[in-house]
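Here's the structure we're looking at; comments come further down.
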Amino acid sequence: MNGRGGGRGGSNNGGNRNWKDQQKRGGSNNGGNGAAGGPQKRPRNGTGNDGGDNDDDFGEEFLELEDQIAAELAADLPPEEYEQLNASSTETINEDTKLSWRRPSVPPLDVKNESLTLQWLDVDMTVGKRLEKNPAGGRVPGAPSGLVPILRFYGVSPVGNSVAVFVHGFTPYLYASCPASFMGSEASFRKAMNDRLLADRQRGGNRGGGGAAGTESNDLCLGASIETDKRSILGYVADPNQTFYKIYVATPNLVPTVKRVLEDGLEVPGFGRLHGVLTFESNVPFVLRFMIDKDITGAGWLECPKGTYRVRGEREKESHCQIEADIVYESLEGHRPEGQWSKLAPLRILSTDIECQGRKGHFPEAEKDPVIQIANCLTVQGEREPIVQNVLTLRGCLPIVGAQVLTHEKEEDLLLSWRAFVQEADPDILTGYNIANFDLPYLLRRADTLVKRAPKLKVFKELGRLRRTLATMKDTTFQSSAYGKRENVETTVHGRVVFDLLPYMFRNHKLSSYSLNSVSAEFLGQQKEDVHHSIISDLQNGTDEDRRRLAVYCIKDALLPWKLMEKLSVLVNYVEMARVTGVPMAFLLTRGQQIKVFSMLLRKCRQSALLIPNLPKNRQDEGTYEGATVIEPKKAFYQDPIATLDFASLYPSIMQAFNLCYSTLLSREEKQALPPSSYITTPSQESFVKPSVRKGILPLILDELLAARKRAKRDMAAATDPMEKAVQNGRQLALKISANSVYGFTGATVGQLPCIPIASSVTSYGRDLLYQTKAFVEEHYTIEKGCSANAEVVYGDTDSVMVRFGVPTVEEAMPLAERAAEEVTKIFPPPIKLEFEKVYFPYLLMNKKRYAGLLWTRPDKYDKLDTKGLETVRRDNCLLVRRVIDTCLRKILIDRDVPGAIGYCKHVIAELLQNKMDISLLVITKALGKSADESGYAAKQAHVELAMRMKKR
DNA sequence: CATACACCCTAG
DNA sequence: TTAGCTAGGGTGTATG
1 MNGRGGGRGG SNNGGNRNWK DQQKRGGSNN GGNGAAGGPQ KRPRNGTGND GGDNDDDFGE
61 EFLELEDQIA AELAADLPPE EYEQLNASST ETINEDTKLS WRRPSVPPLD VKNESLTLQW
121 LDVDMTVGKR LEKNPAGGRV PGAPSGLVPI LRFYGVSPVG NSVAVFVHGF TPYLYASCPA
181 SFMGSEASFR KAMNDRLLAD RQRGGNRGGG GAAGTESNDL CLGASIETDK RSILGYVADP
241 NQTFYKIYVA TPNLVPTVKR VLEDGLEVPG FGRLHGVLTF ESNVPFVLRF MIDKDITGAG
301 WLECPKGTYR VRGEREKESH CQIEADIVYE SLEGHRPEGQ WSKLAPLRIL STDIECQGRK
361 GHFPEAEKDP VIQIANCLTV QGEREPIVQN VLTLRGCLPI VGAQVLTHEK EEDLLLSWRA
421 FVQEADPDIL TGYNIANFDL PYLLRRADTL VKRAPKLKVF KELGRLRRTL ATMKDTTFQS
481 SAYGKRENVE TTVHGRVVFD LLPYMFRNHK LSSYSLNSVS AEFLGQQKED VHHSIISDLQ
541 NGTDEDRRRL AVYCIKDALL PWKLMEKLSV LVNYVEMARV TGVPMAFLLT RGQQIKVFSM
601 LLRKCRQSAL LIPNLPKNRQ DEGTYEGATV IEPKKAFYQD PIATLDFASL YPSIMQAFNL
661 CYSTLLSREE KQALPPSSYI TTPSQESFVK PSVRKGILPL ILDELLAARK RAKRDMAAAT
721 DPMEKAVQNG RQLALKISAN SVYGFTGATV GQLPCIPIAS SVTSYGRDLL YQTKAFVEEH
781 YTIEKGCSAN AEVVYGDTDS VMVRFGVPTV EEAMPLAERA AEEVTKIFPP PIKLEFEKVY
841 FPYLLMNKKR YAGLLWTRPD KYDKLDTKGL ETVRRDNCLL VRRVIDTCLR KILIDRDVPG
901 AIGYCKHVIA ELLQNKMDIS LLVITKALGK SADESGYAAK QAHVELAMRM KKR
């Protein structure tokens, strides 16, 4: 009997706050809020509240209500009532059905002689009572009293059992500069800091009250040591003599408090007053801190070695996982993702889609409109077909081939059936299309609405792996230059990764439409079942046959996201990205590019005893710097071959070649003290020491990334198993992207560790290399030197030059370009490399960043028509414009019929100008399948567009 | 009607 | 609290 062990929930459920919740709500709003506590008012401080918070208060109040409901249900529901509700919530489903959803049963585990291994995907943190006994023997580190942080890793064993590992005893810490005169101040410092933290907690009001009132600790600053073997990564300093405090605190939320205290000022009796002290690594998420220190990567394999862990019995389990274990952090081991540990566990993926019965002309509202169907597609990573496909319906529904149909008369039973399904199927990943912003929040809100009349729904929101813990949601705004401003609902389902495919598509593919329909058409060549949303209500109110039609549609919508994931190797690629960069997989979904580089940097620094400063945000460093160069284009229609020479990974190779790094950067004063032969000066007049003096961390990271990429590409080529091939491809892709984002990290002025001298040096070298390349080619490929014509660089952008060698055929251009690339490579330091990849023939160069041409990689046949920057590749042009321009380009480049293209344009314009507008509209409307409105706009735009173009000719 | 500027989206 | 970078074409709108 699985997952039904009565008893009470875990002993420390009462006052606990989930880590993700803490980050969301309390966070670090100016004060050390208590580690644990009941619902708390969200701070409304006027400062720094620039994030578009100017709408009404509804969202805010709603969230507070959310908090209260969550707290009430998670903590205050009497255990007996909870157990009773929990048990009765699945009784509408028969045992055989449940069995068909379930994970494989757990083989016997001999904890003394067998290790416990899992591939983990999700992690969170809680605070709870200190573990009493270390299963491995020895002590349990951490605060002697009060609440301590506990990390919970969730994953899957090699045979497919779900596992939760509770990791105890890891203590948060940070570093801070320690003046030389404070040597020997450890004990005094610790006491002063501890007193200050206690006073702070007092002053902040007894917010940590709640269930934890009696367990509050007086040990907040647990220890301080002085370390002399470390250096700041920022700047090369020949004679460092740097000393640092390493400060341990009881809970992670004290780290920012300590930082603030050190900045504001702290009297250390017997030594003096500290103030304006710079802290180091005080901005590292606690979970990441742990992973880095234990050398654990995201989505990797963990091992609890034999004899070091304890498996919890059914009655003491806090989760629904099949296996739940306790271990002290020192015993836990992370495996490098190599050999057998590069494989993927049989992870379970649940793709879900819901249908709601909205009122005509209204978007469904959870407060009013019922959920009528929930379709599910459950798959196991590595298997070709889903293991379960089902649909849960409200009211009757005819059978569907290949899918279970479970019908319900009451909506609350439908919801509870789904909850039972989720708990039995126990997926590691929840996916779907827009589930994070629509389906999941809708279900949660719907349950909140219905719970008043159907109290048994009190347990519905327990969809995660923690008992008596409800899924939560929160509105977030994520803003970045890369992704724009995006408003999101962040849904937390404890222990499962919510992997919504819509944001994935937004982030990874530039498309003109992101509807599931067009995305499926694009990547799967497959359309949705077409049921217009306006008829959903009618179908629901119709016959069993009507509802069947709706269900088929619903199932398809659950199936397609999974098919997309498979087709695009989404999971494999994300797992590899998590492994390469070392961040938890959820970070890849909810955070930006910076955290990945930051993670790699922290890891490498640890090996080199370097510390990363947490610099004050308000430094008015010159925010902007000069970027790449674009060679003035010689605009023309070239009817002879134009060869393209590209630098391979230009910016990473510059950083490697010139040893550009935080740790090699010389200040003006340091430079005076060094012989000129020991450093270089970049074209932007910054100086960096040579690798012989000190090898930079960033170049080191890049060396390793690119070496690993070579291996991955080799392994990919050698692999026979398609899964293995996909893994290696995902890895080489991840490695390439990671290498390319290092430069961006240094130039990110609002980031963890911006360094404009590095970024501007990189671009200045880039500009130099490009100009040198142009000069070399134009100097060495001349009639004077035996060529048939003088070579001419007609265009170039950032890392490429377009060369006209003056030969008439692609076949003749290729060896010349090949040779030129080799010769240019020789004039630059390794690993900078110029490559020849393609020839354009013919080539239409319209302007900077706007050109088109037939692309050749072999002499016998062109590969495709390649277009850059023109209307055809821009998503802000209507389809008609794109189509007309595309036709023109084809006429010009493929047919080489310029008069024909002009004639065609004239024809289109004439049609639009003369009173045939309505006829054109009709034709266009039909051709595009769009509304007349849109086509009208299209026609207008096309008219203007083409008229302009004709004027230019 | 010229100019400046915000905005969008792309190149790399 | 959190967010890779700059260069640059083209459109639309405000302003004198």
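Final position of the first sequence in UniProt numbering is 953; the numbers increase by one with none missing. The beta-carbon is built from N, C-alpha and C at its ideal position, and this holds for glycine as well.
Item                                                                                                                         : Value
Between the CA atoms of Ile429 and Arg468 - distance to the nearest angstrom                                                 : 20 Å
Arg579 classed as buried or exposed, judged by whether at least 16 other C-beta atoms fall within 10 angstroms               : buried
With 16 other Cβ atoms within 10 Å as the buried cut-off, status of Phe290                                                   : buried
Proximity to Leu611 [Cα-Cα], best of Ala657, Tyr662, Thr624 and Ala648                                                       : Tyr662
Short Cβ contact (7 Å threshold) for Leu501 with Leu564                                                                      : yes
CB contact flag (Val839, Ala813, <7 Å)                                                                                       : yes
DSSP bridge partner residues for Phe745 (one or two, in chain order)                                                         : Answer by DSSP bridge pairing: none, since Phe745 is not bridged.
Minimum C-alpha distance to Gly869 - residue among Gly853, Arg858 and Tyr679                                                 : Gly853
Through-space distance from Ser800 to Met577, alpha-carbon basis                                                             : 28 Å
Touch test, the region 80–98 against the region 415–426, Cβ-Cβ under 8 Å, three pairs minimum                                : yes
Residues of its chain near Ala820, where Cβ-Cβ distance is below 6 Å and the 5 sequence neighbours each way are ignored      : Val777
Identity of the residue in Gly169, Asn218 and Ala180 nearest Lys191 by Cα                                                    : Asn218
Cβ-based neighbour list, Pro370, same chain, cut-off 6 Å, excluding 5 preceding and 5 following                              : Gln357 and Glu411
Assigned exposure category for Arg874 - 16 Cβ within 10 Å defines buried                                                     : exposed
Runs of beta strand (DSSP E) lying entirely within the region 826–909, each at least 3 residues, in chain order              : 834–847, 850–856 and 864–868
The beta strand (DSSP E) enclosing Leu645, as first and last residue numbers                                                 : Ile642 to Phe647
Chain-order list of residues whose beta-carbon lies under 7 Å from that of Pro561 (same chain, five-residue window excluded) : Ser351, Thr431, Gly432, Tyr433 and Leu501
contact_flag[the region 372–389, the region 461–475] where n(CB pairs < 8 Å) is 3 or more                                    : no
Nearest-angstrom Cα separation, counted from His907 out to Leu844                                                            : 22 Å
Extent of the continuous alpha helix (DSSP H) to which Arg203 belongs                                                        : Glu186 to Arg203
Bridge partners - Val311, DSSP secondary structure assignment                                                                : Ala325
As assigned by DSSP and simplified to three states, the class of Asp538                                                      : helix
For Pro757 and Leu665, believed in contact at Cβ under 8 Å, the rounded distance                                             : 6 Å
First and last residue of the uninterrupted beta strand (DSSP E) at Ala224                                                   : Cys221 to Glu227
Buried versus exposed call for Ala558 [16 or more other C-beta atoms within 10 Å across all chains shown]                    : buried
Anticipated Cβ contact below 8 Å, Gly766 with Leu650, distance rounded                                                       : 6 Å
Endpoints, beta strand (DSSP E) assigned at Lys129                                                                           : Leu116 to Lys129
Cβ pair Ser225, Pro613 closer than 7 Å                                                                                       : no
Coarse secondary structure for Ile387, derived from DSSP in three states                                                     : coil
Buried or exposed by the 16-neighbour rule on C-beta atoms within 10 Å, applied to Glu318                                    : buried
Coil, strand or helix - Ser761 by DSSP                                                                                       : helix
Bridge partners - Lys246, DSSP secondary structure assignment                                                                : Tyr175 and Ser225
The region 250–265 / the region 273–293 touching (three or more Cβ pairs under 8 Å)                                          : yes
Minimum C-alpha distance to Leu272 - residue among Ser181, Ala791 and Thr720                                                 : Before going further, note that residue 272 is Gly rather than Leu in the sequence given. Comparing Cα-Cα distances from Gly272 to each of Ser181, Ala791 and Thr720, the minimum goes to Ser181.
Whole-angstrom distance between Ala164 and Ala551, CA atom to CA atom                                                        : 35 Å
Anticipated Cβ contact below 8 Å, Glu490 with Thr644, distance rounded                                                       : Actually they are not in contact, since the Cβ atoms of Glu490 and Thr644 sit about 43 Å apart, beyond 8 Å.
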